[in-house]
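> So that we are looking at the same thing, I have put the structure below in structure tokens.
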Amino acid sequence: MPLPIPQPSAEELENVLDQIKSLVVNKYANTSPPSDFVVPSAETLTAHSQRLIQQLPETGLGFEPAFDFVKDTVLPALSNQSTETYLGFVTGGATPAALVGDYIVSLFDQNVHRYGDSLAAVIENVTLSLILEFVYLDPSAWKGRLVTTGATASNILALAVGREHVLAQHIAANEGPDASGSTPLTSEIGLFKAMKLANLESMQVLHCLSHSSIAKACAVLGLGSNAAMSVSDASKPWCFDLAQLEERLATPHVGSIVVVSFGEVNTGRYTRDIPKIRALCDKYHAWLHIDGAFGIYSSALRGSNTSEYQAKAIEWTDGLELGDSITGDAHKSLNVPYDCGFFYCRDEALLQSVFKNPGAAYLAGVKGAPVNPLDKGIENSRRFRALPLYLTLLAYGRNGYQQLVDASIRAARLIAEYIASSETYILLPDDDISEVSTIVLFRAKSDVLNAELLARINSSRAISLSGTQWHHQPAVRVAVSNWKIDAESLASRVVKELARVAREFEEHP
8 MPLPIPQPSA
18 EELENVLDQI
28 KSLVVNKYAN
38 TSPPSDFVVP
48 SAETLTAHSQ
58 RLIQQLPETG
68 LGFEPAFDFV
78 KDTVLPALSN
88 QSTETYLGFV
98 TGGATPAALV
108 GDYIVSLFDQ
118 NVHRYGDSLA
128 AVIENVTLSL
138 ILEFVYLDPS
148 AWKGRLVTTG
158 ATASNILALA
168 VGREHVLAQH
178 IAANEGPDAS
188 GSTPLTSEIG
198 LFKAMKLANL
208 ESMQVLHCLS
218 HSSIAKACAV
228 LGLGSNAAMS
238 VSDASKPWCF
248 DLAQLEERLA
258 TPHVGSIVVV
268 SFGEVNTGRY
278 TRDIPKIRAL
288 CDKYHAWLHI
298 DGAFGIYSSA
308 LRGSNTSEYQ
318 AKAIEWTDGL
328 ELGDSITGDA
338 HKSLNVPYDC
348 GFFYCRDEAL
358 LQSVFKNPGA
368 AYLAGVKGAP
378 VNPLDKGIEN
388 SRRFRALPLY
398 LTLLAYGRNG
408 YQQLVDASIR
418 AARLIAEYIA
428 SSETYILLPD
438 DDISEVSTIV
448 LFRAKSDVLN
458 AELLARINSS
468 RAISLSGTQW
478 HHQPAVRVAV
488 SNWKIDAESL
498 ASRVVKELAR
508 VAREFEEHP
């Protein structure tokens with residue numbers, strides 16, 4: 008009897024795989040700068056979207072024809088966001104080792120939900136330990152850890168665990184332990200009852216220019232997006248106004264989570280004074296979360312005696328070890344395929360109390376094994392995201408990734424130096440090159456040019472930057488993170504495009 012899903016012949020499979028091999032070789036073995044446009048044109052997007060099959064065929068096209076359709080219709084309309092000239096977002100790329108790891112993930116298709124089924128859960132735990140070593144954190148201090156889909160999911164985990172901790176602290180102070188001698192868990196009794204027992208009217212998530220995913224996490228967790236409140240220093244909005252922060256933390260009948268940014272999304276700047284913030288959190292029973300989605304990697308230079316940015320990296324990431332929880336994105340500077348992030352917290356039992364699967368005997372783990380991944384995060388069904396990460400860390404090691412972080416900062420600073428000395432552009436938030444990490448923010452001096460600056464830069468499609476706002480004015484952002492980076496070459500290509508725009512505006516204002 009034929010299979011419901013026909014198995015391709017060896018010849019068909021080899022033909023498709025040969026074409027995929029050609030795509031990979033062309034993309035990875037070519038050492039010259041990419042000649043393709045970074046993003047497809049609007050005309051290409053329109054034309055190819057009109058060619059898409061948008062109704063389910065009664066009889067399938069077949070294995071090879073379906074592949075050919077995708078190759079001809081979809082691939083030409085995809086961006087080259089994994090190249091070094093895609094600079095609009097901190098997307099990284101996929102190192103050769105990570106790419107191979109991702110192929111293996113799809114081939115073996117593991118569900119990384121519990122220990123004992125395969126080596127996959129063990130590899131995830133080991134990989135998370137390697138990342139801690141890379142950024143000079145003690146793996147033994149961060150037992151609550153998980154590979155996630157990215158920083159947004161990690162921030163949801165952070166605020167969920169923070170909410171549990173803060174409410175437990177206030178319940179204990181207000182009610183004392185229950186009849187069993189323990190404090191009721193919000194994850195068991197529910198948010199409304201927990202707030203009542205804690206004698207809290209609301210919860211607040213205090214931040215300074217946090218990523219939008221913090222407000223999203225507040226909404227998802229029932230705190231309300233309005234719970235995310237900025238407490239920024241007016242002169243350095245990526246830092247806290249410490250006096251105002253303490254005033255907010257001291258508000259009666261309000262529980263608090265504090266979020267600091269290691270790499271503010273627009274400027275790349277780092278929240279400072281973490282030891283003082285830690286002391287305030289301890290004083291007022293607040294949870295301290297560090298969102299290091301892309302900025303955490305500067306910490307890798309703390310031990311690099313060959314990097315000229317070592318001293319600044321130590322300054323930027325001072326106090327990283329003082330957080331209660333940490334978020335990071337692996338599909339940024341670690342350059343693994345989308346989507347992959349990670350989450351750490353000190354208290355694994357607290358993490359498990361929020362995300363465990365109660366009453367599911369069929370999901371029970373192996374006796375004596377560590378806590379199952381499905382009991383520490385949102386998903387029960389989990390892709391083997393750790394394998395590309397594990398393979399790439401083994402392939403290139405501490406030195407390789409330190410050099411990548413170093414080169415990314417160098418490229419960003421070369422671009423920033425051009426902007427700061429330009430008669431056309433203004434470096435934002437100020438002209439202090441020594442504070443530039445891997446993000447460069449700027450605008451045009453002319454309001455007329457500034458209104459159309461991003462469109463003019465991206466019009467050639469030689470590079471791709473992103474737009475944002477700074478002090479209610481349009482601004483443009485350069486984000487450097489790709490593994491194929493040559494700092495001088497990349498900076499030269501960006502400067503060439505910025506000079507082109509300046510020249511064209513001067514000729515045709």
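According to our numbering, the residues represented by the sequence shown are 8 to 516, in order.
Virtual Cβ for every residue (Gly too), placed ideally from N, Cα, C.
Note that this is a predicted model, so its numbers are computed, not measured.
1. Please determine, among LEU341, VAL483 and SER499, the residue with the shortest C-alpha to C-alpha distance to GLY95.
2. Find the nearest neighbour of THR278 within the set THR258, TYR316 and VAL238, judged by alpha-carbon distance.
3. Cα separation between VAL142 and ASP413?
4. DSSP three-state call for TRP477: helix, strand or coil?
5. By the 10 Å Cβ neighbour count, where 16 or more other Cβ atoms means buried, how is VAL112 classified, buried or exposed?
6. Does DSSP put ASP336 in a helix, a strand or coil?
7. In or out: ARG420 buried (at least 16 other Cβ within 10 Å) or exposed?
8. Provide the residue(s) that pair with HIS296 in DSSP beta bridges, ordered along the chain.
9. Tell me whether the beta-carbon of ASN379 lies closer than 8 Å to the beta-carbon of HIS218.
10. Could you give the C-beta distance for ILE464 and LEU472, rounded to a whole number, given that I count them as a contact under 8 Å?
11. With distances taken Cα to Cα, identify the nearest neighbour of TRP294 among GLY262, LEU394 and TRP149.
12. Below 8 Å, can you find three or more Cβ-Cβ pairs linking the segment 89 to 106 to the segment 360 to 376?
13. Give me the Cα-Cα distance between GLN409 and LYS203, rounded to the nearest whole angstrom.
14. Could you check how far apart the C-beta atoms of GLU355 and LYS150 are, in whole angstroms? I think they sit under 8 Å.
15. Specify whether the segment 340 to 351 and the segment 385 to 400 touch according to this definition: at least 3 beta carbon pairs, one from each stretch, less than 8 Å apart.
16. Is it true that the segment 51 to 58 meets the segment 423 to 434, where meeting means three or more beta-carbon pairs spaced less than 8 Å apart?
17. Here's the rule I'm using: 16 or more other beta-carbon atoms within 10 Å means buried, otherwise exposed. How should TYR369 be labelled?
18. Looking only at its own chain, which residues have a Cβ that is under 7 Å from the Cβ of SER194, when we skip the five neighbours before and after it?
19. Between ALA307 and LEU411, what straight-line distance do the alpha-carbon atoms span, to the nearest angstrom?
20. In chain order, which beta strand (DSSP E) runs of at least 3 residues are fully inside the segment 452 to 511?
By the coordinates alone:
1. The shortest Cα separation from GLY95 among LEU341, VAL483 and SER499 belongs to VAL483.
2. VAL238
3. 14 Å
4. strand
5. With 16 or more other Cβ atoms within 10 Å, it is buried.
6. strand
7. buried
8. VAL266 and SER332
9. no
10. 6 Å
11. GLY262
12. With a cut-off of 8 Å on Cβ pairs, the segment 89 to 106 is not in contact with the segment 360 to 376, counting fewer than three such pairs.
13. Straight across, the Cα-Cα distance linking GLN409 with LYS203 is about 49 Å.
14. For GLU355 against LYS150, the beta-carbon gap comes to about 4 Å, under 8 Å, which counts as contact.
15. yes
16. no
17. exposed
18. GLU171, SER360 and VAL361
19. 10 Å
20. 473 to 477 and 480 to 486
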